[in-house]
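Below is one structure, written out as structure tokens, with a few remarks after it.
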Amino acid sequence: MNLYDQQKRNLANTRLFIAGFVLLLALIGLGADGLLYAGGFSPGIPFATLGALGIGGLSAWWSLHGGDRAVIESTNATPLDPSDPKQRVLENVVEEVAIASGLPKPAIWVVPDSDPNAFATGTGPDRASIAVTRGLLDALNREELQGVVSHEMSHVRNYDVRLMTVVAALAGAILLLSDWSRRGLWWGGGRRRDRDGGGGGAGAIFFALWVVSIVLAPIIAQIVSLAVSRQREYLADASGAEMTRNPLALASALEKISAAVAPTPSIKQGIAHLCIEDPRGGPPDAREGFFAGLLSTHPPITKRIALLREMAYQKRP
Amino acid sequence: MAAVGGCLTLIVVLAVIGAIWAIWRYNNLISLRNQVSNGWKQIDVQLKRRHDLIPNLVAAVKGEMQFEQDTLEKVIAARNSAVAARGVAEAADKENALTQTLSRLFALAENYPTLKSNEQVKALMEELSSTENRIGFARQFYNDIATRYNTSQQIFPDNLIAQSFKFQPVELFELKDEAERAVPRVDLNIRSDQTKS
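If you're matching them up, the sequences are chains A and B in order. Once you know that position 89 of the first sequence is 194 in the numbering used here, the rest is easy, because the numbers rise by one and skip nothing. Once you know that position 87 of the second sequence is 89 in the numbering used here, the rest is easy, because the numbers rise by one and skip nothing.
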């Protein structure tokens, strides 16, 4: 499968994820409407459904118009200072990779943190930011830096930055709404039993389904958004290597980044999925295994390195 | 009569669909052609940047490298003939010659430790090696986009549109001689195995 097919499949997947999340939101809202209706309160429009979709839409809209700024600010990143030789090299490398990818040059930020890491954010090629930590500039040589920047640039080119932003916002909205619904249920539960206005068996089944779905929705949303993030990492490795035609440089950069097992304290938990490697630290293979895999933002780094080596026709070590 | 009317409608609908398809594919070709010419200009921009940087670098290293006057003069001469070059083929030749004299200069500079610790020279070397990378990437991007342009002229049925509007395939950028192939991208990270061209 070549890059264009992968991009196409990605766009299709994006629509699927968004549709699924919208469905979850609508389900939460519909259930609430059904309960209100059963409780004898019928305002004529399904206002809980509309409200749920509205909240989802608003948070997605907000995340696309300023979410990237918020992410950058949360890391205390400073704009690039070209008078520092190392940052000038970074600027040059970003310019080179931008030329290789045929995209406009993104905004560049430096995070004052000694652990090597990097992330990209924004809404797509026209509005993108790439941030690297000070530690990354110190640890990597020019070619490895180029590999890391090409990985981040791929996130920009493949619209991963937009998808991850929207997915995170929608997952947040689902969490919020299911939380509200659970509280509402608690609060309204007693009164509902007094007036039995529901539709008998079908109503009870619907009600049970709804309760299960508001409990499961945030977990599903979380697992899905983590799965999206992991899949994107492999793709960004591959298409970054395609940009620079140098998979080995990225492989050796990943080796250096994973060798630094310390966490990246400047990068908060909430944006872990944006980084080139999990900022929470830990030895590289501590997160193998099915359940650990299900809940991690990144695929095992040894596997990523092995795949990059294969691209350069080197056998697995 | 009804059958004739049905046929006519069918023909009109097919013609409209055909016309929409033709417009769509034609616009696709035009968009690719513009991207190709933009890609080509991007190479020129980076070559111009290289031409502007070289006199500065030569001026900065002249004092230290006075025993290499010959090499320095060759770089300047190659640079000047590259600036003066007319036409695609000639320009490519001159730029290749310039790349070779430049890598010779970089290799020689390795012998002058004082140069490598000079901040100004280091900064200029970084700019120049970045420019070499940019030229390489700009050519690579041009080749990728030109290949897409050529492919969409050749595949069926798009080739019908390409032929009726006289779209021409564009030439890819390629290295002509073996010597140039052997020269790696100029890279200032200290690696002794690359200093010989």
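The C-beta atom is built at its ideal place from N, Cα and C for all residues, glycine as well.
- Beta-bridge partners assigned by DSSP to residue 235 of chain A: A/213 and A/225.
- Ranking A/339, A/353 and A/286 by CA distance to the CA of residue 249 of chain A puts A/353 first.
- Within a 10 Å sphere around the beta-carbon of residue 119 of chain B sit fewer than 16 other beta-carbons, which makes this residue exposed.
- Between the segment 6 to 15 of chain B and the segment 124 to 135 of chain B there are fewer than three C-beta pairs closer than 8 Å, too few to call the two in contact.
- Residue 289 of chain A is outside the set of residues whose beta carbon lies under 7 Å from a beta carbon in chain B.
- Nearest C-alpha to residue 206 of chain A among A/252, A/167 and A/161: A/252.
- Taking 7 Å as the CB threshold, residue 205 of chain A lines the interface with chain B.
- The beta carbon of residue 348 of chain A lies closer than 8 Å to those of 202, 205, 206, 255, 258 and 259 in the same chain, with the five residues before and after it left out.
- Nearest in C-alpha terms to residue 156 of chain A, of all of A/173, A/134, A/177 and A/167, is A/134.
- In the structure shown, the three-state DSSP call for residue 115 of chain B is helix.
- In this structure residue 409 of chain A touches residue 359 of chain A by the C-beta definition: roughly 6 Å separates them, less than 8 Å.
- Comparing C-alpha distances from residue 122 of chain A to each of A/221, A/341 and A/327 shows the shortest one belongs to A/327.
- In this structure, residue 376 of chain A and residue 179 of chain A form a Cβ contact; the two beta carbons are roughly 7 Å apart against a cut-off of 8 Å.
- Going by DSSP, residue 151 of chain B is part of the alpha helix (DSSP H) stretching over 121 to 156.
- Just so you know, the alpha carbons of residue 351 of chain A and residue 83 of chain B end up roughly 33 Å apart.
- Bounds of any alpha helix (DSSP H) do not take in residue 180 of chain A, whose DSSP letter is neither H nor E.
- Cβ neighbours of residue 237 of chain A within its own chain (closer than 6 Å, five residues either side excluded): 223.
- Segment contact: the segment 138 to 154 of chain B against the segment 30 to 38 of chain B, three or more CB-CB distances shorter than 8 Å; contact assigned.
- Of all C-beta pairs linking the segment 226 to 234 of chain A to the segment 158 to 173 of chain B, fewer than three are shorter than 8 Å, placing the two stretches out of contact.
- In this structure, the beta-carbon distance from residue 79 of chain B to residue 122 of chain B does not fall below 7 Å.
- One thing to note: residue 407 of chain A has its Cβ no nearer than 7 Å to the Cβ of residue 331 of chain A.
- Residue 101 of chain B and residue 130 of chain A have their alpha carbons spaced roughly 59 Å apart.
- The C-beta distance from residue 244 of chain A to residue 361 of chain A rounds to 5 Å, short enough to meet the 8 Å contact threshold.
- Taking 8 Å as the upper bound for CB-CB distance, residue 367 of chain A and residue 220 of chain A are in contact here, some 5 Å apart.
- Our two residues, residue 319 of chain A and residue 336 of chain A, have alpha carbons roughly 26 Å apart in a direct line.
- Taking the beta carbon of residue 175 of chain B as reference, no residue of chain A falls within 8 Å; the closest one sits roughly 14 Å away.
- Taking 7 Å as the CB threshold, residue 152 of chain B stays off the interface with chain A.
- Using a CB distance cut-off of 7 Å, residue 132 of chain B counts as an interface residue toward chain A.
- The CB of residue 108 of chain B never comes closer than 8 Å to any CB in chain A; the least such distance is about 14 Å.
- Between residue 27 of chain B and residue 160 of chain B, the gap from beta carbon to beta carbon is short of 7 Å.
- Annotated as distal: residue 77 of chain B and residue 116 of chain B, with beta-carbon spacing of 7 Å or more.
- Listed in chain order, the positions of the segment 193 to 222 of chain A with a beta carbon within less than 8 Å of a beta carbon of chain B are 193, 194, 197, 198, 200, 201, 202, 204, 205, 206 and 207.
- In chain order, 214, 226, 234 and 236 place their CB closer than 8 Å to the CB of residue 177 of chain A, counting only its own chain and leaving out the 5 sequence neighbours on each side.
- Contacts with chain A at 7 Å (Cβ-Cβ) include residue 135 of chain B.
- In this structure, the straight-line span from the alpha carbon of residue 416 of chain A to that of residue 211 of chain A is close to 27 Å.
- Chain order gives no chain A residues near residue 102 of chain B, where near means a beta carbon separation below 9 Å; the closest approach is about 21 Å.
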